[in-house]
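If you read the protein sequences in the order shown, they are chains D and Y. Quick note on numbering: this note's numbering labels position 3 of the first sequence as 3, and the sequence is numbered without any gaps. Quick note on numbering: this note's numbering labels position 195 of the second sequence as 688, and the sequence is numbered without any gaps. Cβ coordinates follow ideal geometry from the N, Cα and C atoms, glycine included. The structure appears below as structure tokens.
There are 2 protein chains.
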Amino acid sequence: MLLKNILNRPQNKWQPLIKQFETIVGKDGVVQRKDELLTYECDGITGYRQRPAVVVLPRTTEQVAAVVKICHEQNIPWVARGAGTGLSGGALPLEDGVLIVTARMKQILKIDLENQQVVVQPGVINNWVTQAVSGAGFYYAPDPSSQIICSIGGNIAENSGGVHCLKYGVTTNHVLGLKLVIPDGSIIDVGGVVPEMPGYDLRGVFVGSEGTLGIATEITLRILKTPESICVLLADFTTVEAAGQTVADIIAAGIIPAGMEIMDNLSINAVEDVVATGCYPRDAEAVLLVELDGLQVEVTENKRRVAQICKNNGAREVTTANDPETRLKFWKGRKAAFAAAGHMSPNYFVQDGVIPRTQLAKVLQEINQLSQKYGYPIANVFHAGDGNLHPLILYDNKVEGAWEEVEALGGEILKLCVRYGGSLSGEHGIGIDKNCYMPEMFNEIDLETMGYVRDCFNPKGLANPGKLFPTPRTCGEAANAKKQDNIEGADLF
Amino acid sequence: MLLKNILNRPQNKWQPLIKQFETIVGKDGVVQRKDELLTYECDGITGYRQRPAVVVLPRTTEQVAAVVKICHEQNIPWVARGAGTGLSGGALPLEDGVLIVTARMKQILKIDLENQQVVVQPGVINNWVTQAVSGAGFYYAPDPSSQIICSIGGNIAENSGGVHCLKYGVTTNHVLGLKLVIPDGSIIDVGGVVPEMPGYDLRGVFVGSEGTLGIATEITLRILKTPESICVLLADFTTVEAAGQTVADIIAAGIIPAGMEIMDNLSINAVEDVVATGCYPRDAEAVLLVELDGLQVEVTENKRRVAQICKNNGAREVTTANDPETRLKFWKGRKAAFAAAGHMSPNYFVQDGVIPRTQLAKVLQEINQLSQKYGYPIANVFHAGDGNLHPLILYDNKVEGAWEEVEALGGEILKLCVRYGGSLSGEHGIGIDKNCYMPEMFNEIDLETMGYVRDCFNPKGLANPGKLFPTPRTCGEAANAKKQDNIEGADLF
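Below is the structure:
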């Protein structure tokens with residue numbers, strides 16, 4: 001209703017608004033030319049495209065608050081955008097809405113090594129945090145593969161993961177406090193500099209709320225001491241099941257590696273075709289990478305144990321990277337897996353789902369059956385340690401009806417994950433891409449309760465409408481609305 | 494207004510309600526005799542006392558939901574109670590309200606070792622979880638000192654801590670999913686069996702919400718592998734500052750002990766008077782206990798490093814407990830510290846506040862100044878690793894005006910914690926004891942936002958009214974309303 005009213009407004013209504021925005025952020029902080037707006041029409045998932053009416057680039061909390069306040073008073077919907085690397089369309093703009101971009105909020109405001117905390121603005125790039133403190137022997141743990149280009153603000157919106165989240169947890173475990181601009185333009189503080197805070201954990205609610213509750217403008221992050229020693233083991237197996245069992249056995253032995261990743265035969269060959277690491281045996285059905293970190297003595301001992309567990313599960317060979325160069329080479333293949341899929345097939349679609357680690361073998365078998373049923377090859381690459389799957393469905397968009405079949409196949413994989421007690425998304429978020437699947441996981445009362453909480457912060461529904469929550473449209477309609485092509489930035493997972 | 498209306502109702506209004514409750518939980522599940530209600534008139538903080546109108550003892554989620562639904566429909570306020578060991582009056586009943594006690598909800602519903610999860614009812618005692626899985630080499634990490642009598646439901650309400658929370662985090666870090674009865678009687682599920690869940694983290698909001706958002710009736714807990722090796726170091730220092738600096742240096746060296754505790758001279762002597770461990774030198778100004786766990790090789794290496802750091806900071810002696818018996822002896826003194834304070838002085842009051850670890854020395858100095866200003870000795874015992882202080886103010890309740898002065902002193906200590914960037918409560922919660930201090934830490938908009946979230950779950954304000962949130966009364970009024978005596982169960986911290 002509200003949106004409809006707004007859509008019916010004359011386009012020139014924007015001119016007085018733009019003047020107001022310019023007063024707040026300066027003339028160079030407002031983008032309104034159609035060609036310049038093109039930059040902002042999609043995030044990392046290029047299948048959804050929409051130019052915003054206007055882009056505003058604030059520099060401070062106060063500027064964000066002033067812009068949001070105007071939107072609130074004039075009932076203008078808005079979307080926040082970080083670096084635009086998201087993979088669920090969470091930052092997709094609205095045709096008749098404002099896009100608030102944090103690209104000019106790139107200051108590291110405070111480094112407090114003694115308390116192991118860093119305070120940043122939301123536009124700060126993930127990797128900069130580690131760069132700022134690594135000289136002093138610290139690092140920021142959450143490491144999405146896009147970490148050299150994605151922003152902390154976006155990481156918070158999506159509660160981003162990464163290879164090291166198995167041992168160290170996802171973004172929410174590393175965010176101590178947040179200064180927020182909520183959708184009425186108020187500024188509030190949630191969390192704090194000590195982990196024990198009384199009252200409701202609103203910090204936790206905000207992390208992963210996908211832009212529907214406001215904008216974080218100052219973020220207090222926890223940093224960790226760089227481990228004394230790191231090594232990576234690479235083991236190859238003749239069945240994916242054996243690799244999966246090895247993962248279960250390593251955890252069952254009480255070892256928590258920094259990361260554990262599996263790639264299947266299709267991925268291995270794709271990677272060796274493209275980046276030729278020379279480390280991944282082409283005839284292996286699965287390769288398992290295990291990163292261990294900690295004290296030198298601890299890593300040495302765990303390396304011995306992990307190698308033994310790999311051998312007990314029939315690993316043909318276990319090689320170890322102890323120096324940074326070899327480690328990089330081992331990881332190179334894994335990091336290139338998605339890009340490599342693009343070389344195997346005209347198009348591919350990546351799914352993101354979670355299952356309980358112990359169900360790995362069964363779920364992979366069912367994914368294989370689905371692949372055969374639909375007639376599309378699926379390459380499997382996954383964060384095995386925490387059961388986060390990334391099946392890559394290979395297809396050709398030029399074939400009539402292919403995309404619809406692939407989307408149906410992707411949907412079946414998600415439902416499979418939920419059926420095995422898992423989750424719709426491990427790290428890419430729900431956004432506009434998966435909100436139609438939310439009822440697979442949550443019943444009406446669960447969603448209603450979440451909706452109430454959204455309304456506390458966002459009572460007019462102006463902050464990122466249409467994302468995260470299921471809209472009345474069905475998944476089929478979503479598929480029709482979506483023009484899927486290759487996902488750019490796909491080497492960034 | 495609502496409460497006033499209820500208070501004006503005739504007492505016999507309860508009879509038809511009691512009938513309804515009896516239909517749900519059986520005759521033996523309802524307590525209404527005044528002498529029997531006495532058991533429930535206070536929790537672990539005996540300064541606040543109030544008998545409820547009626548106690549209901551459900552056994553299942555459905556029974557809880559049915560009872561709560563009746564309260565919702567008939568506008569009856571209610572309070573949930575676990576084992577009643579809480580230390581902030583969070584489970585204090587209402588004169589004209591229902592007390593829902595989880596004492597009959599003591600089933601461990603599921604043990605899933607493969608996925609390292611246990612599902613329990615809320616009345617299950619904390620320690621039972623570890624007992625149920627220790628044979629298989631697992632344990633439940635959060636360990637409040639009351640763990641042999643406190644319940645998991647209460648732990649969730651208060652987001653309980655414990656000695657091992659330095660390394661392993663507090664209760665919220667170990668709760669994966671919750672089945673909840675919310676105040677309208679609906680049953681909802683929050684969180685899940687995999688850590689990555691889309692949508693808002695309502696699980697996180699519920700943990701620590703002190704009974705104001707509903708009752709958790711099924712709780713999925715994460716269990717951890719028992720470490721291969723554990724040892725405790727005991728170091729004694731000639732200044733508290735040196736002990737504090739040692740704690741900072743251990744963390745700065747990248748070592749995260751399972752726990753780090755400091756006791757000052759007054760506590761040491763109290764403990765040796767009462768339990769005579771023989772381990773704590775009476776002339777030491779501070780004793781530091783450091784527990785290390787992990788692989789044997791890791792513990793051995795860290796033991797060497799910690800001992801060296803202690804010596805660098807002037808520790809007179811560093812002794813090590815490698816076997817369970819000696820470990821127990823080392824901890825015995827620490828665990829008896831509060832009870833021992835009771836032997837030093839007719840009465841004592843324990844405060845619970847948090848400061849950034851690095852401010853330890855400064856804050857202790859200021860506490861010492863406050864002690865002198867007010868003329869009451871203060872013994873200091875604290876979870877030094879996470880900056881959680883427990884100053885024990887010694888006084889005599891028979892002296893006119895003493896309690897008022899002690900409460901003022903306690904309040905000044907809390908304000909001191911907040912001023913140094915800390916928090917009002919480390920692990921005991923806000924309840925009815927500290928809600929008047931909430932504005933010291935949160936501004937009006939912060940509290941208002943929390944209030945909105947409360948209203949999502951608890952729109953009629955029937956679940957645990959008067960707790961957690963500041964009420965219009967001032968702290969002075971609270972002091973007058975409160976008849977402080979010794980805090981029973983004080984050996985349970």
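Would you say residue i and residue j are within 7 Å of each other, going by their C-beta atoms?
{"i": "P720(Y)", "j": "D786(Y)", "result": "yes"}
{"i": "A53(D)", "j": "D112(D)", "result": "no"}
{"i": "V683(Y)", "j": "R696(Y)", "result": "yes"}
{"i": "S722(Y)", "j": "Q801(Y)", "result": "no"}
{"i": "M105(D)", "j": "P93(D)", "result": "no"}
{"i": "R820(Y)", "j": "A814(Y)", "result": "yes"}
{"i": "A558(Y)", "j": "V698(Y)", "result": "no"}
{"i": "G177(D)", "j": "T220(D)", "result": "yes"}
{"i": "R902(Y)", "j": "Y867(Y)", "result": "Correcting the residue type first, residue 902(Y) is Leu in the shown sequence and not Arg. Yes, these two residues count as a Cβ contact at 7 Å."}
{"i": "V240(D)", "j": "A286(D)", "result": "yes"}
{"i": "E703(Y)", "j": "G583(Y)", "result": "yes"}
{"i": "M344(D)", "j": "A270(D)", "result": "yes"}
{"i": "H164(D)", "j": "R222(D)", "result": "no"}
{"i": "A872(Y)", "j": "A832(Y)", "result": "no"}
{"i": "I848(Y)", "j": "Y869(Y)", "result": "no"}
{"i": "G747(Y)", "j": "K303(D)", "result": "no"}
Run through DSSP, which three-state label would residue i get?
{"i": "V55(D)", "result": "strand"}
{"i": "S702(Y)", "result": "coil"}
{"i": "N443(D)", "result": "coil"}
{"i": "L530(Y)", "result": "helix"}
{"i": "N873(Y)", "result": "strand"}
{"i": "K467(D)", "result": "coil"}
{"i": "I511(Y)", "result": "helix"}
{"i": "V170(D)", "result": "coil"}
{"i": "Q610(Y)", "result": "strand"}
{"i": "R797(Y)", "result": "helix"}
{"i": "K179(D)", "result": "strand"}
{"i": "A478(D)", "result": "Note that A478(D) scores 45 on pLDDT, short of 50, meaning its location in the model is unreliable and no value can be drawn from it."}
{"i": "A983(Y)", "result": "A caution first: A983(Y) carries a pLDDT of 33, below 50, which makes its placement in the model unreliable, though a value can still be read off. In this structure, A983(Y) counts as helix in the three-state DSSP scheme."}
{"i": "I108(D)", "result": "strand"}
{"i": "M753(Y)", "result": "strand"}
{"i": "K311(D)", "result": "helix"}
{"i": "A929(Y)", "result": "Reading off the sequence, residue 929(Y) comes out as Cys, not Ala. Helix at C929(Y)."}
Assuming residue i contacts residue j (C-beta within less than 8 Å), just tell me the rounded distance between them.
{"i": "V98(D)", "j": "V56(D)", "result": "6 Å"}
{"i": "I432(D)", "j": "Y48(D)", "result": "6 Å"}
{"i": "M260(D)", "j": "G385(D)", "result": "4 Å"}
{"i": "V856(Y)", "j": "Y913(Y)", "result": "6 Å"}
{"i": "T851(Y)", "j": "N75(D)", "result": "The pair is not a contact, with the Cβ atoms about 47 Å apart (cut-off 8 Å)."}
{"i": "V995(Y)", "j": "Y533(Y)", "result": "The structure shown has nothing for residue 995(Y), since chain Y only spans 494 to 986."}
{"i": "K562(Y)", "j": "G678(Y)", "result": "3 Å"}
For residue i, which residues of its own chain have a beta-carbon under 8 Å away from its beta-carbon, when the five flanking residues on both sides are left out?
{"i": "M943(Y)", "result": "F935, F962"}
{"i": "A625(Y)", "result": "I601, I604, V611"}
{"i": "T964(Y)", "result": "N928, C929"}
{"i": "I440(D)", "result": "Rather than Ile, the amino acid found at residue 440(D) in this sequence is Glu. Here the set comprises L414, K415, V418, L424."}
Looking only at its chain, what residues have a beta carbon closer than 7 Å to the beta carbon of residue i, apart from the 5 residues adjacent to it on each side?
{"i": "N951(Y)", "result": "P676, T705, L706"}
{"i": "Q15(D)", "result": "none"}
{"i": "I268(D)", "result": "Y280, R282, A284, V287"}
Output needed for residue i: all residues of its chain with C-beta closer than 6 Å, excluding positions within five of it in sequence on either side, in chain order.
{"i": "L389(D)", "result": "G353, F382"}
{"i": "I812(Y)", "result": "Note that residue 812(Y) is Thr in the sequence shown here, rather than Ile. Cβ neighbours of T812(Y) beyond the five flanking positions: L727."}
{"i": "G701(Y)", "result": "N652"}
{"i": "V290(D)", "result": "L233, P257, M260, V306"}
{"i": "L531(Y)", "result": "none"}
Practice item. Report the residues of the stretch 238-264 of chain D with a CB closer than 7 Å to any CB of chain Y, ordered along the chain. Key: G254
Point to revise | Near-chain D residues of the stretch 855-872 of chain Y (beta-carbon distance less than 8 Å), N- to C-terminal order | key: none
Exercise for review: Report the residues of the stretch 588-600 of chain Y with a CB closer than 9 Å to any CB of chain D, ordered along the chain.
Suggested key: none
Exercise for review: Scan the stretch 194-219 of chain D for residues whose Cβ lies nearer than 9 Å to a Cβ of chain Y and list them as they occur along the chain.
Suggested key: V194, P195, E196, M197, P198, G199, Y200, D201, L202, R203, G204, V205, F206, V207, G208, S209, E210, T212, L213
**Study point:** Residues from the stretch 908-935 of chain Y in contact with chain D, defined by Cβ distance under 8 Å
**Key:** G914, G915, S916, L917, S918, G919, E920, G922, I923, K927, M931, M934, F935
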